[in-house]
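Numbering (our numbering), first residue to last: 1 to 100.
Just so it is clear, CB atoms sit at the ideal spot from N, CA and C, and this is done for glycine as well.
Computed from a prediction, not measured in an experiment: that's the story for all the values here.
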Amino acid sequence: RSLHSVAETLKNATLVYIDIYSLFAHMIQNPKEYGFDEIDRGCCGTGMVELGPLCNQFTSLLCSNVSSYMFWDSYHPTERAYRILTKKFVETDMSPFYDK
């Protein structure tokens with residue numbers, strides 16, 4: 001409903017709803033399909049509780065191969081995971097905007 005309300009208000013805007021949850025869930029359920037070896041913990045620290053500011057240049061515990069991890073910390077995806085998500089969205093949800 002909210003999206004339709006915004007669309008009515010912004011008549012000249014083009015709005016796109018992107019379902020990030022489904023793709024993200026698929027990546028977690030099928031990590032090998034995306035080249036991830038570790039989905040149960042983050043690369044930074046213990047991978048269980050640290051997030052955001054606790055994962056920085058002073059953090060002593062970092063995984064040796066961040067590209068094999070889906071999560072950077074206990075909450076945020078790694079750069080590689082974001083790249084996969086973004087590529088998929090550009091190829092599917094955003095294609096009507098640049099295929100014209």
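- According to DSSP, residue pairing for Leu-62 in a beta bridge involves Cys-44.
- Less than 8 Å separates the beta-carbon of Tyr-69 from that of Glu-38.
- Boundaries of the alpha helix (DSSP H) harbouring Tyr-82: 79-91, taken from the DSSP string.
- The stretch 88-95 makes no contact with the stretch 60-77, as fewer than three CB pairs between them are under 8 Å.
- The straight-line gap separating the alpha-carbon atoms of Cys-55 and Glu-8 is approximately 42 Å.
- When the beta-carbon positions are compared, Leu-23 and Lys-88 come within less than 8 Å of each other.
- Taking the Cα of Gly-42 as reference, the smallest distance to any Cα among Asn-65, Ile-20 and Leu-15 is reached at Asn-65.
- Residues Phe-97 of the same chain have their beta carbon placed closer than 8 Å to that of Thr-14, with the five preceding and five following residues left out of the count.
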